[in-house]
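In terms of my numbering, the sequence shown is numbered consecutively and its last residue is 145.
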Amino acid sequence: SDVCRESVMGLLDQIGSLAGGQGGKTEQLQAIMTWIEQQGGIQGILEKFRNGGLGGVVESWLSQQSNQSVNSEQITSVFGSPALQDLGAKLGVDSQTASTLIAEYLPKIVDGLSPQGEAPAQGDLMSAGLNLLKGKFLS
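Set out below in structure tokens:
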């Protein structure tokens, strides 16, 4: 989906500028996708949000409705600071910046990866994310 590709590209552009352009975008996307997989993949992340009382928010991401937003505080409460510090370390940013990036882009990525309103199965995320990039960088 073009929306997902655009949101992933926007995410990478923003990380690139925050991290002073260190590392290639492909590596950054792989780091984010790997981190999402470590959180249990999209399914696991949706479960974390539902357990945190944000089920209605994630349902908006999966449905055809407009995405409800989350803020960095909600992201921190859902994932915990250690997970965000881990992501920040992978990306070369602090955990606050990592949570802000996830708050901004996770809804778009979930939305883009669930065109039929179904979250992708475990393991599909890496390939979906990397396929988004192949046309852009690896061709």
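Quick reminder that beta carbons are idealized off the backbone N, C-alpha and C, glycines included.
For residue i, count the other beta carbons within 10 Å of its own beta carbon; 16 or more makes it buried, fewer makes it exposed. Which is it?
{"i": "residue 89", "result": "buried"}
{"i": "residue 86", "result": "exposed"}
{"i": "residue 118", "result": "buried"}
Quick one: what does DSSP say residue i is sitting in, helix, strand or coil?
{"i": "residue 97", "result": "helix"}
{"i": "residue 49", "result": "helix"}
{"i": "residue 62", "result": "helix"}
{"i": "residue 86", "result": "coil"}
{"i": "residue 44", "result": "helix"}
{"i": "residue 57", "result": "helix"}
On the premise that residue j lies in contact with residue i, defined as a C-beta separation below 8 Å, what is that separation, rounded to the nearest angstrom?
{"i": "residue 116", "j": "residue 38", "result": "Not confirmed; about 13 Å, so no contact."}
Can you name, in chain order, every residue of its own chain whose Cβ lies under 6 Å from the Cβ of residue i, other than the five neighbours on each side?
{"i": "residue 51", "result": "45"}
{"i": "residue 41", "result": "93"}
{"i": "residue 66", "result": "73 and 74"}
Please determine, among the options, the residue with the shortest C-alpha to C-alpha distance to residue i.
{"i": "residue 82", "options": "33, 106 and 56", "result": "106"}
{"i": "residue 59", "options": "84, 114, 111 and 112", "result": "84"}
With a threshold of 8 Å on Cβ separation, who are the neighbours of residue i within its own chain once the five nearest residues in sequence on each side are excluded?
{"i": "residue 109", "result": "75, 76, 77, 78, 80 and 81"}
Between residue i and the rest of its own chain, which residues show a CB-CB distance below 7 Å, the 5 nearest in sequence each way excluded?
{"i": "residue 101", "result": "87, 90, 91 and 94"}
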